[in-house]
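First comes the structure, then the notes that go with it.
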């Protein structure tokens, strides 16, 4: 079934209770992406829709089979976050140009996607910052996030999709801040080997493994990053799902436990990737705006060497990650993907690696 037909099925399954004379009380309230909350307190209240009944699903499926049609795909905005300001070393700032150079736009066009390339924002090559050793290059990180947020807010408010090409992991702060500015009720699936829940006082100065801590406003965060966008915190723990994580420091483990953050571990993903992807999609489907963070260090470096981090770990195969992305991005609520920590210099054959990765992204975006 096409993505548009899946969207229609979901819509009809929600509307059919009226036709089926079910009590109105069983239909939960929904907040639509792009609409302001009537009460600001609702921004941290997560309503979960109940599953449609078998009668609803059968009714909607018959309509789709009888009058099947394809709705036009939403316009896709590409934003290059060409920065390694929050990283451990240079390299990631070269990724957006490599994606483009090796045919990302062409791969998307072959799948019928209309794109608008917004170019690169705030190019910055990593450098040491001895004046701020616990939060290096903070101003450059903040500047890049502000510009990413502006593009994302405009796109989501216009009912368009966004692909953010990082860049280090801090650019996700801009993606989330922008979606918040558009009034979206966000669910973030964070696909990463690390949880990025450290704060400057528990890390070694690289801000790219503190990103999620700033999203959640964990004590010890840099205020200028934690207050990006219109809400603080930018996310509450119920809006976050980790996927594929393995490297968790003791302070991060405590934060996960104390905040009851949902986790699908690397071990769970490797043992049954289809079941893990289904769990992630089921979790994400309750939100009106699904964002995906894809740090390529979740991949096995030996199988697909392209990440900034060169750990010899048993990560996901590229095909497994592609399957997960495709399942999540088939959701009608999917609105944005941020890909991070790609270092072109670590690919033995840059052209072959990026052509393969571009095909994965284009196939998932569809």
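Numbering (the numbering used here), first residue to last: 499 to 864.
By construction, the Cβ of each residue, glycine as well, lies at the ideal position given by its N, Cα and C atoms.
Close beta carbons around residue i, own chain, < 8 Å, minus the five adjacent residues each side
i: residue 863; result: 574, 606, 609, 611, 659, 661, 827, 835
i: residue 730; result: 715, 724
i: residue 591; result: 580, 581, 582, 621, 622, 623, 624, 665
Residue i - DSSP class collapsed to helix/strand/coil
i: residue 641; result: helix
i: residue 695; result: coil
i: residue 852; result: helix
i: residue 581; result: strand
i: residue 739; result: strand
i: residue 624; result: coil
i: residue 652; result: helix
i: residue 768; result: helix
i: residue 815; result: coil
i: residue 863; result: helix
i: residue 877; result: Residue 877 lies beyond the range of the chain shown here (499 to 864); nothing can be said about it.
i: residue 746; result: coil
i: residue 935; result: Outside the modelled stretch of the chain, which goes from 499 to 864, sits residue 935, for which no answer is possible.
i: residue 615; result: strand
i: residue 846; result: coil
i: residue 730; result: coil
i: residue 837; result: strand
i: residue 805; result: strand
i: residue 667; result: coil
i: residue 829; result: coil
i: residue 763; result: strand
i: residue 524; result: In this prediction, residue 524 scores a pLDDT of 24, lower than 50, which makes its location untrustworthy; the coordinate-derived value is nonetheless stated afterwards. Three-state DSSP puts residue 524 in a helix.
i: residue 800; result: coil
i: residue 597; result: helix
i: residue 789; result: strand
i: residue 629; result: coil
Cβ-based neighbour list, residue i, same chain, cut-off 6 Å, excluding 5 preceding and 5 following
i: residue 651; result: 676, 679, 680
i: residue 602; result: 856
i: residue 632; result: 698, 703
i: residue 551; result: Because the pLDDT of residue 551 is 45, which lies under 50, any placement of that residue in the model is unreliable, and the question is left without a value.
i: residue 824; result: 862
i: residue 668; result: 584, 639, 705, 706, 709
i: residue 635; result: 583, 627
i: residue 860; result: 605, 606, 609
i: residue 754; result: none
i: residue 685; result: 737, 782, 785, 788
i: residue 700; result: 749
i: residue 851; result: 804, 845
i: residue 726; result: 643, 671, 675
Cβ separation of residue i and residue j, assumed to be a contact under 8 Å, to the nearest whole Å
i: residue 584; j: residue 594; result: Not quite, the Cβ-Cβ distance comes to about 15 Å (not below 8 Å), so this is no contact.
i: residue 671; j: residue 597; result: That belief does not hold up - the Cβ atoms of residue 671 and residue 597 are roughly 21 Å apart, past 8 Å.
i: residue 589; j: residue 750; result: Not confirmed; about 24 Å, so no contact.
i: residue 627; j: residue 839; result: The pair is not a contact, with the Cβ atoms about 19 Å apart (cut-off 8 Å).
i: residue 682; j: residue 787; result: 4 Å
i: residue 800; j: residue 844; result: So it is not a contact: roughly 12 Å between Cβ atoms.
i: residue 622; j: residue 673; result: Actually they do not touch by this definition, with Cβ atoms about 17 Å apart.
i: residue 771; j: residue 693; result: Not quite, the Cβ-Cβ distance comes to about 20 Å (not below 8 Å), so this is no contact.
i: residue 802; j: residue 837; result: Contact doesn't hold; Cβ gap of about 13 Å is too wide.
i: residue 773; j: residue 814; result: In fact, because the Cβ distance is near 14 Å, the residues do not count as touching under 8 Å.
i: residue 829; j: residue 858; result: 18 Å between Cβ atoms; not a contact.
i: residue 875; j: residue 741; result: Since the first and last residues shown for the chain are 499 and 864, residue 875 lies out of range.
Sequence-distant residues of its chain with Cβ nearer than 7 Å to residue i (five each side left out)
i: residue 848; result: 596, 842
i: residue 616; result: 575, 576, 577, 649
i: residue 853; result: 600, 601
i: residue 728; result: 678, 679
i: residue 536; result: Note that residue 536 scores a pLDDT of 31, beneath 50, so its modelled location is shaky and nothing firm can be said.
i: residue 868; result: An answer regarding residue 868 cannot be provided, because it is not within the stretch 499 to 864 covered by the chain.
Closer than 8 Å to chain D by CB, residue i
i: residue 793; result: No chain D is part of this structure, which consists of one protein chain only.
Segment contact, 8 Å Cβ cut-off, at least three pairs: the segment 684-695 with the segment 774-785: Under the Cβ criterion (8 Å, minimum of three pairs), the segment 684-695 counts as touching the segment 774-785.
Taking only runs of the beta strand (DSSP E) that begin and end inside the segment 671-715, which ones reach a length of at least 3 residues, in chain order? Secondary structure in the segment 671-715: the beta strand (DSSP E) runs of 3 residues or longer, each lying completely within the stretch, are 684-689 in chain order.
Is there contact between the segment 744-763 and the segment 782-789, where contact requires at least three CB pairs shorter than 8 Å? Contact fails: fewer than three Cβ-Cβ distances are below 8 Å.
Does the contact criterion of 3 or more C-beta pairs under 8 Å hold for the segment 793-810 versus the segment 633-644? Contact between the segment 793-810 and the segment 633-644 is absent: fewer than three C-beta pairs spanning the two stretches fall below 8 Å.
When you compare the segment 702-719 with the segment 732-739, are there three or more beta-carbon pairs, one atom per stretch, that lie closer than 8 Å? Contact between the segment 702-719 and the segment 732-739 is present, because at least three Cβ pairs lie under 8 Å.
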